[in-house]
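Going by the numbering used here, 66 is the number at position 66 of the sequence shown; the sequence numbering is gapless. Working notes, structure below.
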Amino acid sequence: MSTLSKNITADAESPLPTVLVVEDEVLIRLVIADYLRECGYRVHEAVNAEEAVSILQSPEVSVDVVFSDVEMPGSMDGFGLARWIRTNKPGTEVILTSGAERSADIAATLCEAGPLLKKPYPSKDVVDRIKQLTAKARRF
Numbered sequence: 001m002s003t004l005s006k007n008i009t010a011d012a013e014s015p016l017p018t019v020l021v022v023e024d025e026v027l028i029r030l031v032i033a034d035y036l037r038e039c040g041y042r043v044h045e046a047v048n049a050e051e052a053v054s055i056l057q058s059p060e061v062s063v064d065v066v067f068s069d070v071e072m073p074g075s076m077d078g079f080g081l082a083r084w085i086r087t088n089k090p091g092t093e094v095i096l097t098s099g100a101e102r103s104a105d106i107a108a109t110l111c112e113a114g115p116l117l118k119k120p121y122p123s124k125d126v127v128d129r130i131k132q133l134t135a136k137a138r139r140f
């Protein structure tokens with residue numbers, strides 16, 4: 001089974017948004033992905049931006065919110081992923097996270113919910129940000 005197929009959850013319809021967690025640090029990714037699942041979200045996981053793009057382009061997957069680290073290995077970082085999403089998947093919300101202070105200004109221009117979440121972040125803050133974004137999207 002490929003990484004892509006094992007990280008896509010085939011749940012029944014969920015009233016909550018579907019979230020794609022993009023994080024190269026496996027323990028961080030597992031903790032937040034499991035927490036979001038426990039909260040009732042449908043969750044997909046990617047280890048880098050390239051895998052995230054593959055998931056986002058998959059016809060059988062619909063993602064409402066992408067929660068991504070900024071600093072990842074590969075040819076595209078979280079900022080590049082956010083730009084790709086803006087161009088190719090308009091309407092998909094993006095939340096960026098980073099431990100690097102310099103990332104905040106750039107993230108503010110790419111994320112509808114404002115500045116990025118600083119690492120380490122409480123899992124509840126991620127859920128609060130997702131709720132904020134999806135409530136705003138439903139009003140339009």
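Think of the CB as a built atom: it goes at the ideal place given N, C-alpha and C, for glycine as much as any other residue. Quantities reported herein were computed from a predicted structural model and do not represent experimental measurements.
Under 7 Å between C-beta atoms of residue i and residue j
i	j	result
Phe67	Val19	yes
Ile32	Ala46	no
Met72	Asp24	yes
Thr145	Asp69	This structure does not reach residue 145, given that the chain is present from 1 up to 140, and the question cannot be answered.
Leu222	Asp125	Look at the range of the chain in this structure, 1 to 140, and you will see that residue 222 is not part of it.
Val63	Ala82	no
Ile130	Val65	yes
Classification of residue i by the beta-carbon crowding that lies within 10 angstroms, buried from 16 upward
i	result
Ala113	Bear in mind that the predicted position of Ala113 carries a pLDDT of just 47, short of 50, making it too unreliable to give a figure here.
Pro17	buried
Glu51	buried
Asp77	buried
Ala135	exposed
Asn48	buried
Leu36	buried
Which residues DSSP lists as bridging residue i, in chain order
i	result
Arg29	Answer by DSSP bridge pairing: none, since Arg29 is not bridged.
Val22	Ala46 and Ser68
Leu117	Thr97
Chain C contact for residue i (CB, 7 Å cutoff)
i	result
Gly99	No chain C is part of this structure, which consists of one protein chain only.
- Item | alpha helix (DSSP H) runs contained entirely in the region 74-104, provided each spans 4 or more residues | As far as the region 74-104 is concerned, its whole alpha helix (DSSP H) runs of at least 4 residues are 78-88.
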